[in-house]
Amino acid sequence: MTRVELTGLQSSIKLSSGHSIPRLGLGVYQSQEGQEAENAVLWALQAGYRHIDTATSYDNETSVGNAIRKSGIPRNEIFVTTKLTEDDQGYESTLAACNVSLKKLGLDYIDLYLIHSPLCGSELRQESWKAMEKLHAEGKVKSIELLEDSNATTRPAVNQIEVHPWLARTDLVSFCHSHNIAVESYSPLVQGQKLQDPTLAKIASAHSKSPAQVLIRWNLQKGNIVIPKSSKKHRIIENADVFGFELSEDEVETLAALNENFVT
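Under my numbering, read the sequence shown as residues 1 to 264, first letter to last.
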């Protein structure tokens with residue numbers, strides 16, 4: 001296993017687009033628009049996070065933007081991801097949806113713009129991708145997500161997929177890494193469904209860390225970007241405290257052996 005340099009919350013990966021993305025970010029899925037989402041982002045930024053992952057369908061882009069401005073942190077120091085919904089796919093609708101997201105966020109550009117769902121069909125996906133390439137060329141979007149059958153002229157930068165020990169997706173992850181496509185792991189904590197696993201608990205106890213911290217560290221050591229979600233201040237802080245310990249190669253492989261193609 002190739003050793004990944006993990007020096008702290010500022011650890012980043014340089015994408016094929018030339019831009020760098022912090023390896024650890026805050027996901028705001030299910031954080032309610034208003035005080036809940038705003039507080040979560042502010043707490044994360046105060047704790048040192050510099051990567052926030054939202055989406056049009058989360059209905060909290062306005063709160064994310066408000067928190068970024070209230071933080072006082074320069075815009076160019078914060079990496080912001082949002083996503084195109086299935087309903088907005090297509091060339092003109094993608095251009096319009098991105099402008100709506102920019103307005104809600106109150107930002108001049110989005111660092112990473114993703115196609116949230118591939119379920120609308122190949123034709124619409126290709127139209128959406130062409131629109132995203134235009135947005136990228138105009139500077140409204142700095143990096144865009146993988147679309148495997150798009151005939152893209154812009155190199156895809158990121159593939160955001162569910163990855164954790166029970167859904168290791170070894171072949172897909174290896175393919176992405178070998179083609180300089182960063183893998184971004186959502187649901188790295190398996191939505192809490194496996195935190196009581198005895199193998200995980202044993203490894204966590206050996207490092208005096210929580211099961212959640214071990215799962216985040218596992219993904220980081222596998223070379224992936226990780227975006228655990230939480231709206232609780234103590235969890236946001238705890239999830240960032242994963243740079244002071246290291247899993248052994250045997251522990252990484254032991255966790256990977258738990259794979260059962262479990263999708264949350």
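C-beta: ideal position from N, C-alpha, C; glycine also.
At the C-beta level, W129 and N259 stay beyond 9 Å of one another. Runs of the beta strand (DSSP E) lying entirely within the stretch 76 to 163, each at least 3 residues long, are 79 to 84, 110 to 115, 141 to 144 and 158 to 162 in chain order. When C-alpha distances from N224 are compared across L172, S205 and E138, the shortest belongs to L172. In the DSSP annotation of this structure, the continuous segment of the alpha helix (DSSP H) that includes H234 starts and ends at K233 to A240.
Scanning its chain for C-beta atoms nearer than 6 Å, with the 5 sequence neighbours on each side dropped, one finds around K229 the residues G27 and Y29, in chain order.
As computed with DSSP, H179 is found in no beta bridge at all. For S63, the uninterrupted alpha helix (DSSP H) segment begins and ends at E61 to S71.
S31 is positioned such that its CB atom lies closer than 9 Å to that of Y58. C-alpha of S20 to C-alpha of N239: approximately 21 Å in a straight line. Spanning the alpha carbons of T254 and V158 requires a straight line of approximately 27 Å. In this structure T264 touches V190 by the C-beta definition: roughly 6 Å separates them, less than 8 Å. Residue burial is scored here from C-beta neighbours: V100 has fewer than 16 other C-beta atoms within 10 angstroms and is therefore classed as exposed. With distances taken between CA atoms, A137 lies nearest to Y113 out of Q160, Y113, S187 and C120.
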